[in-house]
Amino acid sequence: MSRKSVAVLDVRSSEITVLIGERGVNNTFVFKASRTEPYDGYDEDAFFDTEKLADAVTRALTAVEQICDERVRELYIGVPGAFTRVIPREQVLGFAKRRRIGQKEIDALFESGKESLEGYRFMRATSMIYVTGDNRRIVNPSGLVSDVLSGVLSYFYCSDYFAETMEHIFSDMKIALHFLPTQLAMASYLIPSETRDEYALFFDAGFMSSTLCVLMGNGILAQRTYFVGKGQIAVKLMQRFALSYEAAVALLARANLFSKDNAGRFEFSFRGETYDIDLDELVECVKEGLDEICEAIGGFLEECSSKELDYKPLCVSGEGLADIRGALEHITKRISRICEPLAPDLPYYNKPAMSSRIALVAMAYDDHLKSGWLNKLLNVIFGG
6 MSRKSVAVLD VRSSEITVLI GERGVNNTFV FKASRTEPYD GYDEDAFFDT EKLADAVTRA
66 LTAVEQICDE RVRELYIGVP GAFTRVIPRE QVLGFAKRRR IGQKEIDALF ESGKESLEGY
126 RFMRATSMIY VTGDNRRIVN PSGLVSDVLS GVLSYFYCSD YFAETMEHIF SDMKIALHFL
186 PTQLAMASYL IPSETRDEYA LFFDAGFMSS TLCVLMGNGI LAQRTYFVGK GQIAVKLMQR
246 FALSYEAAVA LLARANLFSK DNAGRFEFSF RGETYDIDLD ELVECVKEGL DEICEAIGGF
306 LEECSSKELD YKPLCVSGEG LADIRGALEH ITKRISRICE PLAPDLPYYN KPAMSSRIAL
366 VAMAYDDHLK SGWLNKLLNV IFGG
């Protein structure tokens, strides 16, 4: 594969995507190949069917390799919130005398807070904020002179189960695997740094699994995953209207929660079958499903209650709510907080469902550059 390209595996709760891309001009991307495959998803502890997961991953990887006519030798895998632990820590590093802060000192600060976590393996650490000896709160301490460096840091861990499952899938393929925290990638890519510096709320709405985060600086202060999403709402429609699950998902896209015409009945056709649907019942059922999402959001906001979060909008992305018309308006009313939809600012990819895969490419590409031989040489020469 080209040295300029990166390959990522985006693991969502109902489908996986393998994508090969590279950065273009003006911070855009050039995508060489992409393939999405459905699979059974996961619950709080494990994938429902690892064999079907492996089949989906293999099909997607084979397809993109055939399109590009080259082998993938290195793969960046997004770790969903259900398999990620985020631990915030405040670390302090003192020096015998004042010195100029460089990458060596910053690395030492991060290393001082790195600990083993049973059942998990370390992925990365990021900063939320740094504080110098004279109590200056700064985003980047490089170049400053101080006898103390402290920081509020985020440590990201991937569950051993997830990592070992992926390693087993790729065990015979001679592919180097790297694990990335999906929600951090999304938040960093979608939300401007100046917004995150003053705290931000982010909701990655998935199909069967959704994750809420409190963001601060370049890190995550709190993260929780809840098993709510479009899939659970579809189950309610399936039970209410005696539909197949696939038909219920298709019907969900027909709902419009605040339409003036939500009265009477209409005929809904799916794969040769026609169903008589009551519009009032459809809207009521969808709202019931959304209320479960609202309960999860409300519980998270209560758990993370802080004056810094008052009046902050809830930034929302992911595939879970994007095509339910009126969903964000309903949630806004229920949680008394503005919901702002987010999507990549890219032509043809400006949909919330594309957010995780594009964000993972962005993070993977940055990691790929940092691991390059030229960057390593500069680090040795300049210590940066």
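Under the numbering used here, the first residue of the sequence shown is numbered 6, with each subsequent residue one higher.
C-beta atoms are modelled at their ideal positions from N, C-alpha and C, and glycine is treated no differently.
Beta carbon of residue i nearer than 8 Å to that of residue j
| i | j | result |
| --- | --- | --- |
| N223 | T337 | no |
| G236 | G323 | no |
| S249 | Y231 | no |
| M213 | S18 | yes |
| G86 | D285 | no |
| E95 | V157 | yes |
| Y194 | I363 | yes |
| R40 | T22 | yes |
| I225 | V62 | no |
| L1 | V291 | No answer is possible for residue 1: the residues shown for the chain start at 6 and end at 389. |
| L220 | Y204 | yes |
| A255 | F271 | no |
| T89 | C163 | yes |
| S155 | L98 | yes |
| N355 | P349 | yes |
| V11 | H373 | yes |
| R330 | A247 | no |
| K241 | G294 | yes |
| M128 | F36 | no |
First and last residue of the uninterrupted alpha helix (DSSP H) at residue i
| i | result |
| --- | --- |
| Y166 | 165-174 |
| I72 | 55-73 |
| A190 | 187-195 |
| C309 | Here C309 belongs to no alpha helix (DSSP H), and DSSP marks it neither H nor E. |
| D283 | Careful: D283 lies outside any alpha helix (DSSP H), inside the beta strand (DSSP E) at 278-283. |
| G236 | 235-246 |
| A332 | 332-340 |
| L256 | 250-257 |
Rounded Cβ spacing between residue i and residue j (contact assumed at less than 8 Å)
| i | j | result |
| --- | --- | --- |
| I82 | M171 | 6 Å |
| L319 | L206 | 5 Å |
| F175 | V84 | Incorrect: roughly 15 Å between the Cβ atoms, too far for contact. |
| E42 | E20 | 6 Å |
| D165 | G124 | 5 Å |
Inter-residue Cα distance where the pair is residue i and residue j
| i | j | result |
| --- | --- | --- |
| C73 | A65 | 12 Å |
| F161 | I25 | 24 Å |
| C344 | D177 | 45 Å |
| S4 | A369 | Any question about residue 4 goes unanswered here, given that the chain covers just 6 to 389. |
| I238 | A327 | 13 Å |
| L306 | S151 | 37 Å |
| I134 | D112 | 14 Å |
| D15 | P186 | 10 Å |
| A101 | L149 | 16 Å |
| I298 | L217 | 11 Å |
| F273 | Y353 | 29 Å |
| R126 | E116 | 15 Å |
| K265 | V288 | 12 Å |
| V136 | S147 | 12 Å |
| L333 | I106 | 45 Å |
| Y316 | P197 | 18 Å |
| A253 | G277 | 14 Å |
| R201 | L314 | 12 Å |
| D296 | G304 | 12 Å |
| G389 | L351 | Unreliable positioning characterises G389 in this predicted model, as indicated by a pLDDT of 40, which lies under 50. The coordinate reading is nonetheless provided below. Their backbone Cα atoms lie some 32 Å apart in a straight line. |
| H173 | F52 | 14 Å |
| R104 | G118 | 21 Å |
| I180 | D45 | 24 Å |
| L257 | V366 | 30 Å |
| A38 | E251 | 27 Å |
| A301 | E75 | 44 Å |
| L58 | Y47 | 10 Å |
| I386 | T33 | Because I386 sits at a pLDDT of 42, beneath the cut-off of 50, its placement in the model cannot be relied upon, and the point is left open. |
| S121 | E27 | 34 Å |
| G138 | V153 | 5 Å |
| P93 | Q228 | 10 Å |
| L383 | E308 | Confidence in L383 is poor, its pLDDT being 42 and thus under 50, which makes the residue's placement too unreliable to answer from. |
| K312 | N140 | 22 Å |
| K109 | E199 | 26 Å |
Beta strand (DSSP E) segment containing residue i, residue limits
| i | result |
| --- | --- |
| T230 | 224-231 |
| G99 | 89-105 |
| T131 | 125-137 |
| R270 | 270-275 |
| K375 | From DSSP, K375 is part of no beta strand (DSSP E) but of the alpha helix (DSSP H) over 360-375. |
| V35 | 34-43 |
| Y81 | 79-84 |
| R141 | No beta strand (DSSP E) holds R141; DSSP gives it neither H nor E. |
| L217 | 215-221 |
| A113 | Run containing A113: none in the beta strand (DSSP E); it sits in the alpha helix (DSSP H), 108-117. |
| E27 | 20-28 |
Heavy atom of the ligand NAP within 7 Å of residue i beta-carbon
| i | result |
| --- | --- |
| L80 | Ligands in the displayed structure: none, and consequently the ligand NAP is not present. |
Cutoff 8 Å: residue i Cβ touching any chain D Cβ
| i | result |
| --- | --- |
| I174 | Checking the listed chains, one finds no chain D in this structure; it contains a single protein chain. |
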